[in-house]
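Here the structure comes first, spelled out in structure tokens, and everything after it is commentary.
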Amino acid sequence: MLESCPRCSSRLGPPLKTGRQVCAECGWSSAPMRSRTTPPPPPKTGVAHIVQLCWRIVQRVVRLSIAWLKEKFQGYQETRANNSVKPGQVMAGLSDRLSALEQSIPTSPKAPWITPEEAFEALGGQIDNPNSVVRTVNGQAAVSFARFRVLKSEAEWRAFGFEIDSIRRDAGKSWIRQLG
1 MLESCPRCSS
11 RLGPPLKTGR
21 QVCAECGWSS
31 APMRSRTTPP
41 PPPKTGVAHI
51 VQLCWRIVQR
61 VVRLSIAWLK
71 EKFQGYQETR
81 ANNSVKPGQV
91 MAGLSDRLSA
101 LEQSIPTSPK
111 APWITPEEAF
121 EALGGQIDNP
131 NSVVRTVNGQ
141 AAVSFARFRV
151 LKSEAEWRAF
161 GFEIDSIRRD
171 AGKSWIRQLG
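Going by UniProt numbering, the residue at position 148 of the sequence shown is 148; the numbering climbs one at a time, nothing skipped.
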């Protein structure tokens with residue numbers, strides 16, 4: 001039996017009924033400390049061990065894949081940030097676009113002359129698609145590009161909202177333009 005506390009050196013009282021001594025000053029006890037760690041589980045053998053190892057491998061592969069994807073995505077964002085337009089280049093790019101737009105605006109009051117292909121696309125048709133059709137202005141008739149290309153009379157072209165110039169057509173120039 002101890003007479004003084006090993007922690008604070010104060011005098012210990014009589015032992016408790018369990019035989020344990022407790023210090024009234026600091027709370028020290030002669031009882032052994034319980035270990036809070038649980039003992040490791042018994043080693044698994046056979047199929048359970050293999051399944052556990054496979055599960056750990058799958059978890060590790062998933063974690064590594066996610067980390068790899070994050071790294072690639074961050075690299076992609078960095079390259080996009082590096083390729084972005086610099087502030088000094090913004091004005092130059094805008095002025096180039098504005099000048100190109102100004103030059104593309106027709107100066108004559110009438111629309112420019114276009115080819116049958118351009119006219120078909122202007123109506124929303126697709127030349128490469130044989131099933132693509134365009135409708136007349138009033139919506140009563142629909143024709144494919146093969147039929148649209150061979151329209152002859154001025155009345156047929158007017159039904160689609162275009163006027164034609166047969167002299168320009170015979171000369172091999174663009175000969176169709178939208179009605180103004």
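Backbone N, C-alpha and C fix where the C-beta goes; we use that ideal spot for every residue, glycine too. All values derive from a computational prediction rather than experimental measurement.
Please classify residue i: is it buried, with 16 or more other beta-carbons within 10 angstroms of its beta-carbon, or exposed?
| i | result |
| --- | --- |
| Ala92 | exposed |
| Trp55 | exposed |
| Cys8 | exposed |
| Leu123 | buried |
| Gly13 | exposed |
| Val90 | exposed |
| Arg125 | Going by the sequence as given, residue 125 is Gly instead of Arg. Its Cβ being crowded by 16 or more others within 10 Å, Gly125 is buried. |
| Cys23 | buried |
| Cys26 | exposed |
How long is the line joining the alpha carbons of residue i and residue j, rounded to whole angstroms?
| i | j | result |
| --- | --- | --- |
| Ala67 | Ile57 | 15 Å |
| Ala119 | Arg149 | 9 Å |
| Pro130 | Ser144 | 7 Å |
| Glu117 | Asp96 | 29 Å |
| Ala146 | Leu94 | 40 Å |
| His49 | Lys72 | 35 Å |
| Trp113 | Val137 | 19 Å |
| Ala171 | Thr79 | 53 Å |
| Gln21 | Glu3 | 10 Å |
Leaving aside the five residues before and after residue i along the sequence, list all residues of the same chain whose C-beta is less than 6 Å from its C-beta, in chain order.
| i | result |
| --- | --- |
| Thr115 | Ser174 |
| Ala142 | Val133, Arg135 |
| Leu179 | Gly161, Glu163 |
| Pro6 | none |
Roughly how far, in whole angstroms, is the beta-carbon of residue i from the beta-carbon of residue j, given that I think they are within contact range, below 8 Å?
| i | j | result |
| --- | --- | --- |
| Phe162 | Arg177 | 7 Å |
| Ile164 | Glu154 | 6 Å |
Apart from the five residues just before and just after residue i, which ones in its own chain have a Cβ nearer than 8 Å to its Cβ?
| i | result |
| --- | --- |
| Ser10 | Ser4, Cys23, Ala24, Glu25, Cys26 |
| Trp28 | Cys5, Pro6, Arg7, Cys8, Val22 |
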